Amino acid sequence: MKTILITGAAGDVGTHLRRELAKKYRIRASDLRSLKKIGGETYARADVSKMADALRITKGVDAIVHLGGYSVEGPWEGILSANIVGCYNVFEAARRNGVKRIIFPTSNHAVGFYKRSQTIDHRVYIKPDSRYGVSKVFGEALGSLYADKYGMQFLMIRIGNVNPEPIDKRRLSIWISPRDIAQLVSIGIDKPGIKFEIVYGISRNKRAWYDNSNAYRLGYAPQDDAESYAAEVLANEKPGGNPIAEMYQGGIFCTVEEVPNPAAPPKKAKGKKK
Ligand code: 15L
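So in numbering that gives the first Met the number 0, spot 124 of the sequence shown is number 123, and the numbers just go up one at a time.
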């Protein structure tokens, strides 16, 4: 049985994956936070923004699923240390420890500024919609470097939204069920011959904005389709959303005002002309 390290294991996606993959792999679950163990997994507390921690937790594993870091937009300092320094430390620690396989859950937000009217595949130029999206692009680029230079093997999964059910109209296009994401991650761990591949982490959604043929080529056979929930989801959808968010695939991450942006200059007070 292979031993796999899951970083960021206490988060939603990590918890779904640990439950789905508990019987298939020996899991080392790592996080800054404590977590409730599932099955026979072991727990390793770590802050991957520290190289010493990254070196310790990556030792002796067959593959790494690197989920650790911010999973939404956040202040630059946090994104820099958790997602950029953390990602570098994990990939570099893996290299030094001789771990060849890395599954990197990147995000739809790496390409969030494509319009919803477009269908994009894994070869499009990146269009990040946030600092978070940029950090995912960094992970994709670093993986590409480590694959070409050091012969490491990467499956980059641009995840839509992992949830037991799709939660709104946008997610009808990008939803992925826990069992489908577990299947994609298993392909990343076990499929021979992977060098560097980008796929989209979505179920077989009728309303998908992605041409996911690269995932299908690697053997992905999703079992779920968000369409089964469409009637209920659309009945609950409130009309009159933000037009920018509605236009782009990344939704609200594409707007300036509605995502907190601590880096933005303070607004000037209105109406006080001298
Ligand atoms: C993501 O990348 C996030 O990790 C997740 O929390 C959701 O925001 C998701 O994208 C989404 O776009 O729905």
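Yeah, the Cβ is synthetic: ideal placement off N, Cα and C, and Gly gets one too.
Keep in mind it's a predicted model, so treat the numbers as computed, not measured.
{"Asked": "Sorted by chain position, which residues of the same chain lie with C-beta nearer than 8 Å to G250's C-beta, five sequence neighbours on each side aside?", "Found": "G111, R169 and A244"}
{"Asked": "Which residue's Cα is closest to the Cα of L54: N88, T2 and D223?", "Found": "N88"}
{"Asked": "For ligand 1, is there any heavy atom lying closer than 8 Å to the beta carbon of H65?", "Found": "no"}
{"Asked": "For K135 versus S106, is the C-beta spacing smaller than 9 Å?", "Found": "yes"}
{"Asked": "Among the candidates V123, D120, Y113 and N96, whose CA atom is the shortest distance from the CA of Y247?", "Found": "Y113"}
{"Asked": "Given a cut-off of 9 Å on the beta-carbon distance, is the pair F40 and A28 in contact?", "Found": "One detail in the question is off: residue 40 reads as Glu in this sequence, not Phe. Yes, they are a contact pair."}
{"Asked": "How about S134: is its Cβ closer than 8 Å to a heavy atom in ligand 1?", "Found": "no"}
{"Asked": "Cβ of N107 versus every heavy atom of ligand 1: is any distance shorter than 8 Å?", "Found": "yes"}
{"Asked": "Just checking my contact of R178 with Q222 at CB under 8 Å: how many whole Å lie between their CB atoms?", "Found": "6 Å"}
{"Asked": "CA-CA distance, M151 and E196?", "Found": "12 Å"}
{"Asked": "Report yes if the C-beta of F112 is less than 8 Å from at least one heavy atom of ligand 1; otherwise report no.", "Found": "no"}
{"Asked": "Under a three-way DSSP split, which group does M0 fall into?", "Found": "coil"}
{"Asked": "Starting from E139, trace the alpha helix (DSSP H) both ways and give me its first and last residue.", "Found": "R130 to Y149"}
{"Asked": "Report all residues from its chain with a CB closer than 7 Å to the CB of E72; omit the five preceding and five following residues, and keep chain order.", "Found": "S129, R130, Y131, F252 and V258"}
{"Asked": "Evaluate P278 with the Cβ neighbour count: other Cβ atoms within 10 Å of its Cβ, from every protein chain shown; 16 or more gives buried, anything less gives exposed.", "Found": "Summary: the structure shown does not reach residue 278, with the chain confined to residues 0 through 273, and so no result is reported for it."}
{"Asked": "When burial is assigned at 16 or more other CB atoms within 10 Å of the CB, is R32 buried or exposed?", "Found": "exposed"}
{"Asked": "Among the residues of its own chain, which have a CB less than 8 Å from the CB of K22, if the five just before and after it don't count?", "Found": "G38"}
{"Asked": "Opposite M155 in the DSSP bridges: which residues?", "Found": "F103 and I197"}
{"Asked": "Taking only heavy atoms of ligand 1 into account, decide whether any of them is closer than 8 Å to the Cβ of F103.", "Found": "no"}
{"Asked": "Using C-beta distances below 7 Å, list every residue in its chain close to G10, excluding the 5 sequence neighbours before and after it, in chain order.", "Found": "L66 and S70"}
{"Asked": "So, at 7 Å on beta carbons, what are the nonlocal neighbours of M0 in its own chain, with the 5 sequence-adjacent residues on each side left out?", "Found": "Y24 and R25"}
{"Asked": "For a minimum of 4 consecutive residues, which ranges assigned as the alpha helix (DSSP H) are wholly contained in the region 169-245?", "Found": "177-189, 212-216 and 229-234"}
{"Asked": "Look at the alpha carbon of L319 and the alpha carbon of I3, and state the distance between them as a whole number of angstroms.", "Found": "As displayed, the chain neither begins before 0 nor continues past 273, which places residue 319 out of reach and without an answer."}
{"Asked": "Taking all protein chains shown into account, do 16 or more other C-beta atoms lie within 10 angstroms of the C-beta of E19, making it buried, or fewer, making it exposed?", "Found": "buried"}
{"Asked": "In this structure, does DSSP put D120 in helix, strand or coil?", "Found": "coil"}
{"Asked": "In the structure shown, what three-state DSSP assignment does N160 receive?", "Found": "strand"}
{"Asked": "Ligand 1 and R206: does any heavy atom of the ligand fall closer than 8 Å to the residue's C-beta?", "Found": "no"}
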